[in-house]
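Enquirer:
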Amino acid sequence: MKAFTVHQGVVAPMDRANIDTDMIIPKQFLKSIKRSGFGPNLFDELRYLDEGQPDADNSGRPLNPDFVLNQPRYSGASVLLARENFGCGSSREHAPWALEDFGFRAIIAPSYADIFYNNSFKNGLLPIVLDEETVDRLFKETEASEGYQLTVDLENKKVVTPSGEEIAFEVDDFRRHCLLNGLDDIGLTLQDADEIKAYEEKRRASSPWLFS
Amino acid sequence: MAGKTLYDKLWDQHVVKTREDGTALIYIDRQLLHEVTSPQAFEGLRIAGRQPWRLDANLATPDHNVPTTPVERESGIDGIQDPVSRIQVKTLDDNCDHFGITEFKMADKRQGIVHVVGPEQGATLPGMTVVCGDSHTATHGAFAALAHGIGTSEVEHVLATQCLIQRKMKNLLIKVDGELGKGITGKDVVLHVIGVIGTAGGNGCAMEFGGSAIRTMSMEGRMTMCNMAIEAGARVGMVAFDEITAEYVKGRPYAPKADQWEMAMEAWSDLKSDDDAVFDKVVEIRAEDIKPQVTWGTSPEMVTTIDGTVPTLEEAADDVERSGFKRAYEYMGLTAGQKITDIKLDRVFIGSCTNSRIEDLRAAAEVAKGRKVSGSVKQALVVPGSGLVKAQAEEEGLDKIFVEAGFEWREPGCSMCLAMNADKLGNGEHCASTSNRNFEGRQGYGGRTHLVSPAMAAAAAIAGHFVDVREL
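These protein sequences, in sequence, are chains A and B. 575 is the number of the first residue of the first sequence in the numbering used here; add one for each residue after it. 60 is the number of the first residue of the second sequence in the numbering used here; add one for each residue after it.
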């Protein structure tokens, strides 16, 4: 996993609530058995005017000029700004894979669906929760000034605006540690293998029907 | 000290270790696997040179991509027309063969939708932790199990360590008291709940369904409710253990037998929230208030009753919801104030992990019996949840009722719920669907989904538009 320490990037505002995982990456692309290559189909139904197909060339497809990521001023955006309950719906990790593959490193929203939130951390993508009022203000600032950028500092748990304002955010210590260091948590869990085995033996004794 | 909730108990029983930051290592008793969210997890194991921690805790079956027409199914994997789907189904077979994981392959009569197969086999048992790379894993909580969906990295984590790193969720109780009216099902109850608390209402919570209406509900109804807890934002849905649970589990292939059954029954008898348990939040609902539900928009919270109308902008709570309404009118091709009974249907889908069990098919067949699908409906599909549900339905003659009425009787799979196989909506088509999500494009590019119960879907197929199943 890619480590995340400090990141500065252009902000793209997606002004809608309940952005679901079907919207982030439609189902036909989940047929892939790979982890990469989902970027060109991120937000496929919003981004293009025709229906996308897996393993197809997307370069000649008609773009929806109204969609935020197709607007030149947001080109190269790596911080996504959204409304509440971002990532609701399915558990598909293809959603953070697609966001990350497109080039996003951080998302800012008032709330996230639980599974999406979990999945993001496993893929070097930082979902930041800020209160609704702050998010609303960031929308206004982003829309008001072209090339608007934010700096996300995970080490110090803060977002810094162009004017130098620092906005603090919360994140679990364990997740932060893994993300800062790009750690694979399977390796970390296996350091507790003896404890897992001890638990398992107890469980086998108390609930033998769970073990065939 | 206050008593414990069902969730507290299940959590406590599965903690391997608590870390300083409050996260815990939780032991997983059962992992269900399907073809869409597992290939990258198996690949991860291979790259790291790891083996599954415990083979017997895993059970796999392909469901999302499998074709549902008898013709395609007859030729096995080679019969899957879509080459990309074929590779994915084949990859699951290869991975399960390679690692030694039990799989009900496509030709096996036990194959079906993971969330139908697990309970049907007794592979889902009370008191278990159950995970699957699929958000509708909440279904299994109907057995007083702690069950939730996970991402592919977590699928790999569970394969490799038999554990998950979790933070404890909050306790939310949905208390449904009273008696449900005629024709009102678990589907109507859960859609009503989502309408009340919203799609984010259960975020961060484990949601227990309790109250007298739940105590008399069948396991099928409970599974439907828990299945859609995720549509209210709750990763976990749960119902306490009781006689109805025991009756359903007893005698199933993976259920405990003889002495172990007695031992299990004793352990399971405590799988309920204590009378003095404290919940972070309680939502009380009167069963008598619930009418047949129909979603009108592009989020499950955009739901109303069969005698209702598409809400107006004035009814939106705030600006964000107002802009959501506007987008939904346009996408759905509906106008504010339009009557639900005036919505005409192009297709009807009865199936999915929400509503494809035998009781669901019986309810739909009861409506279809002796009637005909409307000439204005292009297609009405009935897709059983598993090969065993299909066999049972055929034994009861339900397939004949459906076929005589003009429905297509299909092979088991996820089918038109998410249209990963060939079963999908055309652009702009309206569908009465017993599935769980009405998101844009979910059932096909430009498709317009209305979520309803199986009886309501069958009634809509006959009428060609929505009708109140209570008035048939």
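Note that the Cβ used here is the ideal one computed from N, Cα and C, for glycine as well. If you're wondering where the values come from, they're calculated on a predicted model, not measured in any experiment.
Going by C-alpha to C-alpha distance, which of B:P359, B:K229, B:D153 sits closest to B:S494?
Expert: In the second sequence, residue 494 of chain B corresponds to position 435, counting from 1. That would be B:P359, whose Cα lies nearest to the Cα of B:S494.
Enquirer: Nearest by alpha-carbon distance to B:K168: which of B:P443, B:M322, B:L84, B:T508 is it?
Expert: Here residue 168 of chain B refers to the residue found at position 109 of the second sequence. Closest by alpha carbon: B:P443.
Enquirer: Rank B:I136, B:G280, B:C155, B:Q170 by C-alpha distance to the C-alpha of B:A201 and give the top, closest one.
Expert: As a working mapping, residue 201 of chain B is identified with position 142 in the second sequence. Closest option to B:A201, Cα to Cα, is B:G280.
Enquirer: CB-CB under 6 Å to A:F660, same chain, minus the five flanking residues each way: which ones, in chain order?
Expert: Your numbering for residue 660 of chain A matches position 86 in the first sequence. Contacts found: I593, A683, Y686.
Enquirer: Give me the Cα-Cα distance between B:D333 and B:A299, rounded to the nearest whole angstrom.
Expert: Your numbering for residue 333 of chain B matches position 274 in the second sequence. Your numbering for residue 299 of chain B matches position 240 in the second sequence. For B:D333 and B:A299, the distance between alpha carbons rounds to 10 Å.
Enquirer: Could you pull out every residue in the same chain whose Cβ sits closer than 7 Å to the Cβ of A:K576, ignoring the five residues on either side in sequence?
Expert: Position 2 of the first sequence, counting from 1, holds the residue named residue 576 of chain A. G698, G756.
Enquirer: Going by DSSP, what residues sit across from B:R507 in a beta bridge?
Expert: As a first step, residue 507 of chain B must be located in the second sequence, where it is residue number 448. DSSP, once it has assigned bridges, lists B:H489 as partnering B:R507.
Enquirer: Could you check what DSSP says for A:V584 in three-state terms: helix, strand or coil?
Expert: By 1-based counting over the first sequence, the position of residue 584 of chain A is 10. In this structure, A:V584 counts as strand in the three-state DSSP scheme.
Enquirer: Since B:R281 is in the alpha helix (DSSP H), which residue starts that stretch and which ends it?
Expert: The residue you call residue 281 of chain B lines up with position 222 of the second sequence. Taken as a continuous stretch (DSSP letters only), the alpha helix (DSSP H) holding B:R281 covers 278-286.
Enquirer: Please compile the residues from chain B whose C-beta is within a distance smaller than 7 Å of the C-beta of A:L637.
Expert: Walking along the first sequence from the start, residue 637 of chain A turns up at place 63. Here the premise fails: no neighbours, minimum Cβ distance about 16 Å.
Enquirer: Which residue's Cα is closest to the Cα of B:A291: B:I139, B:A259, B:L232, B:D88?
Expert: In the second sequence, counting from the first residue as 1, residue 291 of chain B sits at position 232. Nearest option by C-alpha distance: B:A259.
Enquirer: For B:Y66, which of helix, strand or coil comes out of DSSP?
Expert: The residue labelled residue 66 of chain B in the question sits at position 7 within the second sequence. Helix, per DSSP.
Enquirer: Output, in chain order, the set of chain B residues within a Cβ distance shorter than 9 Å of A:L655.
Expert: Looking up residue 655 of chain A in the first sequence gives position 81. In chain order: nothing, as chain B lies at least about 14 Å away.
Enquirer: Report yes or no: is there a C-beta of chain B within less than 8 Å of the C-beta of A:A630?
Expert: Taking the first residue of the first sequence as 1, we reach residue 630 of chain A at position 56. No, A:A630 lies away from the interface with chain B (no Cβ there is under 8 Å from its Cβ).
Enquirer: Which same chain residues end up closer than 6 Å to A:V733 when comparing Cβ atoms and leaving out the 5 residues on each side of it in sequence?
Expert: Indexing the first sequence from 1 puts residue 733 of chain A at position 159. Counting only Cβ-Cβ distances below 6 Å, and skipping sequence neighbours, we find L724, V726, I741.
Enquirer: Can a CB atom of chain B be found closer than 8 Å to the CB of A:T763?
Expert: Here residue 763 of chain A corresponds to residue number 189 of the first sequence, with the count starting at 1. Output row for A:T763: interface = yes.
Enquirer: Would you please state the rounded distance, in angstroms, between the beta carbons of B:M297 and B:A323? I believe it to be under 8 Å.
Expert: Along the second sequence, read from residue 1 onward, the residue named residue 297 of chain B stands at position 238. Along the second sequence, read from residue 1 onward, the residue named residue 323 of chain B stands at position 264. Not confirmed; about 18 Å, so no contact.
Enquirer: In chain order, which continuous runs of the alpha helix (DSSP H) of length 4 or greater are located wholly inside the stretch 588-651 of chain A?
Expert: 595-598, 618-621, all fully within the stretch 588-651 of chain A.
Enquirer: For A:S737, does the count of other Cβ atoms within 10 angstroms reach 16, so buried, or fall short, so exposed?
Expert: Within the first sequence, numbered from 1, the residue matching residue 737 of chain A stands at position 163. A:S737 should be labelled exposed.
Enquirer: Can you look up B:K483 in the DSSP assignment and give me helix, strand or coil?
Expert: By one-based count along the second sequence, residue 483 of chain B stands at place 424. Here B:K483 sits in coil by DSSP.
Enquirer: Compare the C-alpha of B:M537 against each of B:E179, B:G138, B:P185, B:L184 and name the closest.
Expert: Beyond the ends of chain B as shown, which are 60 and 531, falls residue 537 of chain B; an answer cannot be given.
Enquirer: Among the candidates B:H251, B:V441, B:E499, whose CA atom is the shortest distance from the CA of B:F408?
Expert: As a first step, residue 408 of chain B must be located in the second sequence, where it is residue number 349. Looking at the Cα atoms, B:V441 is the closest of the given residues.
Enquirer: Can you grab the Cα-Cα spacing for the pair B:Q140 / A:R657, in whole Å?
Expert: Along the second sequence, one-based indexing puts residue 140 of chain B at 81. Along the first sequence, one-based indexing puts residue 657 of chain A at 83. Their backbone Cα atoms lie some 40 Å apart in a straight line.
Enquirer: Going along chain B, which residues have a C-beta under 7 Å from A:S796?
Expert: Chain A is shown from 575 up to 786; residue 796 of chain A falls before or after that span and cannot be answered.
Enquirer: Which of the residues in the stretch 499-513 of chain B, read from start to end, lie with their CB under 7 Å from any CB of chain A?
Expert: So the close ones are E499, G500, R501, Y504.
Enquirer: By how many angstroms is the C-alpha of A:A779 removed from the C-alpha of A:P600?
Expert: Reading the first sequence from its first residue, position 26 is the one you call residue 600 of chain A. Reading the first sequence from its first residue, position 205 is the one you call residue 779 of chain A. Straight-line Cα distance between these residues: approximately 45 Å.
Enquirer: Per the DSSP calculation, B:G269 is bridged to which residue(s)?
Expert: What you label residue 269 of chain B is simply residue 210 of the second sequence in a count that begins at 1. Per DSSP, B:K234.
Enquirer: Determine, for A:L574, whether the minimum Cβ-Cβ distance to residues of chain B falls below 8 Å.
Expert: Given a span of 575 to 786 for chain A in the structure shown, any question on residue 574 of chain A remains unanswerable.
Enquirer: Only counting the same chain, and skipping five residues up and downstream in sequence, which positions put a Cβ closer than 6 Å to that of B:L69?
Expert: Taking the first residue of the second sequence as 1, we reach residue 69 of chain B at position 10. So the qualifying residues of the chain are L205.
Enquirer: Please list the terminal residues of the continuous alpha helix (DSSP H) segment that includes B:F300.
Expert: For the purposes of this step, residue 300 of chain B is taken as the residue at position 241 of the second sequence. Neither: B:F300 is in no alpha helix (DSSP H) and is coded neither H nor E.
Enquirer: Across the stretch 329-345 of chain B and the stretch 90-107 of chain B, are there enough close Cβ pairs to call them in contact, namely three or more that are closer than 8 Å?
Expert: No, because fewer than three Cβ pairs between the stretch 329-345 of chain B and the stretch 90-107 of chain B fall closer than 8 Å, the two stretches do not touch.
Enquirer: Roughly how many angstroms separate the alpha carbons of B:G177 and B:L91, rounded to a whole number?
Expert: Counting from one through the second sequence, the residue named residue 177 of chain B turns up at place 118. Counting from one through the second sequence, the residue named residue 91 of chain B turns up at place 32. If I take the Cα positions, the gap works out to 8 Å.
Enquirer: How long is the line joining the alpha carbons of B:V175 and A:E715, rounded to whole angstroms?
Expert: Taking the second sequence and counting its residues from 1, the one referred to as residue 175 of chain B is at position 116. Taking the first sequence and counting its residues from 1, the one referred to as residue 715 of chain A is at position 141. About 49 Å.
Enquirer: Check the C-beta distance from B:G465 over to B:K483 and give it rounded, since I have them as a contact under 8 Å.
Expert: Reading the second sequence from its first residue, position 406 is the one you call residue 465 of chain B. Reading the second sequence from its first residue, position 424 is the one you call residue 483 of chain B. With 8 Å as the limit, B:G465 and B:K483 do not qualify as a contact, their Cβ atoms being about 20 Å apart.
Enquirer: Using the beta-carbon of each residue, which ones in chain B are nearer than 8 Å to A:Y622?
Expert: Within the first sequence, the letter at position 48 stands for residue 622 of chain A. Residues of chain B passing the Cβ test: none, with the nearest at roughly 11 Å.
Enquirer: Take A:A672 as the anchor and find which of A:P614, A:G650, A:I770, A:A591 has the nearest alpha-carbon.
Expert: By one-based count along the first sequence, residue 672 of chain A stands at place 98. When each option's Cα is compared against that of A:A672, the closest is A:P614.
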